[in-house]
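In the numbering used here, the protein residues as written are 19 to 215.
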Ligand code: DC
């Protein structure tokens, strides 16, 4: 069986939590594709070279979840050669035997347009910044500014910009608890699965 769930959306919309929960519920493998860009950004040096020699172990570094690593990831992610170097790894993961959940920015549009289920998980910038601030602390206005900056870069880049695929189901988590968002996502995956994809 090959069955891919593509989950895209901006930072701090709830994609990661939803993706992990969907993977666990259905027994699918999960790839957080943001980690690929975070690892490339964190490696320093020439990002294209870093992307070409990236190994699965690089994704286990302890410093990839910080705000700085997210900004660095967003900056290297605009480089077409970096994106190209990461495509094969993601496609192989998506279309390997068994179900797979991939979350990122371009999974439903570029990496796996043939995904059986596509979700676009979003929320207002203010709500996302507030959630991120609860995790990282500091100045909330600064966190909001960074969220907006990252959105602008991810949505505005020429190569594989962040946007919902035409056939994606949009889940807006602005006024939703994470439990309800997970249930909504699982119901959509279940429906796709019982239709045979
Ligand atoms: O999902 P995240 O916050 O870990 O992603 C970090 C950055 O990596 C994001 O701002 C843009 C980039 N990214 C991307 O361009 N394409 C993806 N599929 C995933 C992440």
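Just so it is clear, CB atoms sit at the ideal spot from N, CA and C, and this is done for glycine as well.
All of these numbers come straight from a predicted model, not from anything done at the bench.
Three-way DSSP call (helix, strand, coil) for residue 211 in this model: Residue mapping note: residue 211 aligns to position 193 of the chain shown, counting from 1. Reduced to three states, the DSSP call for residue 211 is helix.
Cα-Cα separation between residue 48 and residue 144, rounded to whole angstroms: Looking up residue 48 in the chain shown gives position 30. Looking up residue 144 in the chain shown gives position 126. Answer to the nearest angstrom: the Cα atoms are 28 Å apart.
Residue range of the unbroken alpha helix (DSSP H) whose run includes residue 21: For the purposes of this step, residue 21 is taken as the residue at position 3 of the chain shown. First-last for residue 21: 20 to 26, but that is the beta strand (DSSP E), not the alpha helix (DSSP H).
Residue 168: CB within 7 Å of a non-hydrogen atom of the ligand DC: Start at 1 with the first residue of the chain shown, and residue 168 comes out as number 150. Indeed, a heavy atom of the ligand DC lies less than 7 Å from the Cβ.
Heavy atom of the ligand DC within 7 Å of residue 260 beta-carbon: Absent from the structure is residue 260, since the part of the chain shown begins at 19 and ends at 215.
Heavy atom of the ligand DC within 7 Å of residue 181 beta-carbon: As a position in the chain shown, residue 181 is number 163, starting the count at 1. No.
For residue 118, the three-state DSSP class (helix, strand or coil): Indexing the chain shown from 1 puts residue 118 at position 100. Residue state, collapsed to three classes: strand.
Short Cβ contact (8 Å threshold) for residue 126 with residue 26: Taking the first residue of the chain shown as 1, we reach residue 126 at position 108. Taking the first residue of the chain shown as 1, we reach residue 26 at position 8. A contact, by the Cβ cut-off of 8 Å.
Nearest residue (CA-CA) to residue 188, options 72, 139, 76 and 79: In the chain shown, the residue the question calls residue 188 occupies position 170. Nearest C-alpha to residue 188: 139.
Span of the beta strand (DSSP E), counted from its first residue to its last, around residue 35: As a first step, residue 35 must be located in the chain shown, where it is residue number 17. Here residue 35 belongs to no beta strand (DSSP E); instead the alpha helix (DSSP H) covers 33 to 44.
Residue 172 - containing beta strand (DSSP E), residue span: Position 154 of the chain shown holds residue 172. Run containing residue 172: none in the beta strand (DSSP E); it sits in the alpha helix (DSSP H), 158 to 174.
The ligand DC heavy atom lying under 7 Å from the CB of residue 80: Position 62 of the chain shown, counted from the first residue, corresponds to residue 80. Taking the Cβ of residue 80 as the reference point, every heavy atom of the ligand DC lies at 7 Å or farther away.
Rounded C-alpha distance that separates residue 154 from residue 101: Here residue 154 refers to the residue found at position 136 when the chain shown is read from its first residue. Here residue 101 refers to the residue found at position 83 when the chain shown is read from its first residue. Near 28 Å, if we compare the C-alpha coordinates of residue 101 and residue 154.
Residue from 29, 42 and 156 whose Cα sits closest to the Cα of residue 53: The count along the chain shown starts at 1 and reaches residue 53 at position 35. The option with the nearest alpha carbon to residue 53 is 29.
Distance between beta carbons of residue 119 and residue 41, contact taken as under 8 Å: Taking the first residue of the chain shown as 1, we reach residue 41 at position 23. Taking the first residue of the chain shown as 1, we reach residue 119 at position 101. Going by Cβ atoms, the distance from residue 41 to residue 119 rounds to 4 Å, so yes, they are a contact pair.
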